[in-house]
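Trainee: In the numbering used here, the protein residues as written are 28 to 203. Dropping a structure here in structure tokens format, bear with me for questions.
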Amino acid sequence: QYFNVAKTDEVFLPLQLQNKDSQTGFISDASGVKYYSISGYQAKDTFIEDGNGNWYYFDKDGYMARSQQGENPIRTVETSVNTRNGNYYFMPNGVELRKGFGTDNSGNVYYFDDQGKMVRDKYINDDANNFYHLNVDGTMSRGLFKFDSDTLQYFASNGVQIKDSYAKDSKGNKYY
């Protein structure tokens, strides 16, 4: 017996050991890029990590999610393993953005956590201890932002929260 995947009565063998045709690695065709494991099975509806620590997502048809010129780089992913469901940012080469800011085609800025998932309705801070706020839709707050009836906060054009300092909005109004 080689190894079991889910049930003790089912054996999972690499295609090569079953004398079946197989491919391995990244394979391009007219529809996009596919990935085949070392066992010859095509990755479908899953995330795959390469040897350099880059992550990719392959949809239910087995094609890599990636952004083409003019396309929105943010994709909604719904997998059969719903712990990874969410919005992700995929670069043109298919690499998933992790622990960084990404911009969509409309100029909105988003933050993606260390698992690549879009962060929503939360404050985050960077290594320099700058704070940012991400709205319910994931967009980064910029300019004057009203959180409730009493709380105003100001975020610079780069999204950094202004603290203990004066800031001026586009109309020339000053805030502290």
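Note that CB positions come from ideal geometry on N, CA and C, so glycine has one too.
(1) I need the DSSP call for R102, collapsed to helix, strand or coil.
(2) Measure the CB-CB distance between E123 and Y90 and report whether it falls below 8 Å.
(3) DSSP on L161, reduced to helix/strand/coil?
(4) Could you name the residues of the same chain whose beta carbon sits closer than 8 Å to that of L179, not counting the 5 residues immediately before and after it, in chain order?
(5) Is G165 closer than 8 Å to N132 when the C-beta atoms are compared?
(6) Helix, strand or coil for T130, going by three-state DSSP, please let me know.
(7) Return helix, strand or coil for L40, following the three-state DSSP convention.
(8) In the DSSP assignment, the beta strand (DSSP E) including I75 goes from what residue to what residue?
Mentor: This is what the structure gives:
(1) As a working note, residue 102 is residue 75 in the sequence shown. Three-state DSSP puts R102 in a strand.
(2) Translated into positions along the sequence shown, residue 123 becomes position 96. Translated into positions along the sequence shown, residue 90 becomes position 63. It is not a contact, given that the beta carbons lie outside the stated cut-off.
(3) Mapped onto the sequence shown, residue 161 falls at position 134. In the structure shown, L161 falls within a strand segment according to DSSP collapsed to helix, strand and coil.
(4) Translated into the one-based positions of the sequence shown, residue 179 becomes position 152. Hits under 8 Å: L171, F172, K173 and Y202.
(5) Counted from its first residue, the sequence shown places residue 132 at position 105. Counted from its first residue, the sequence shown places residue 165 at position 138. The criterion of a C-beta distance shorter than 8 Å is not satisfied by N132 and G165.
(6) Locating residue 130 in the sequence shown gives position 103, counting from the first residue. It is a strand residue.
(7) Residue 40 sits at position 13 when you count from the first residue of the sequence shown. In the three-state DSSP reduction, L40 falls in the coil class, being neither helix nor strand.
(8) On the sequence shown, residue 75 is found 48 positions in, with the first residue counted as 1. Run containing I75: T73 to E76, per the beta strand (DSSP E) assignment.
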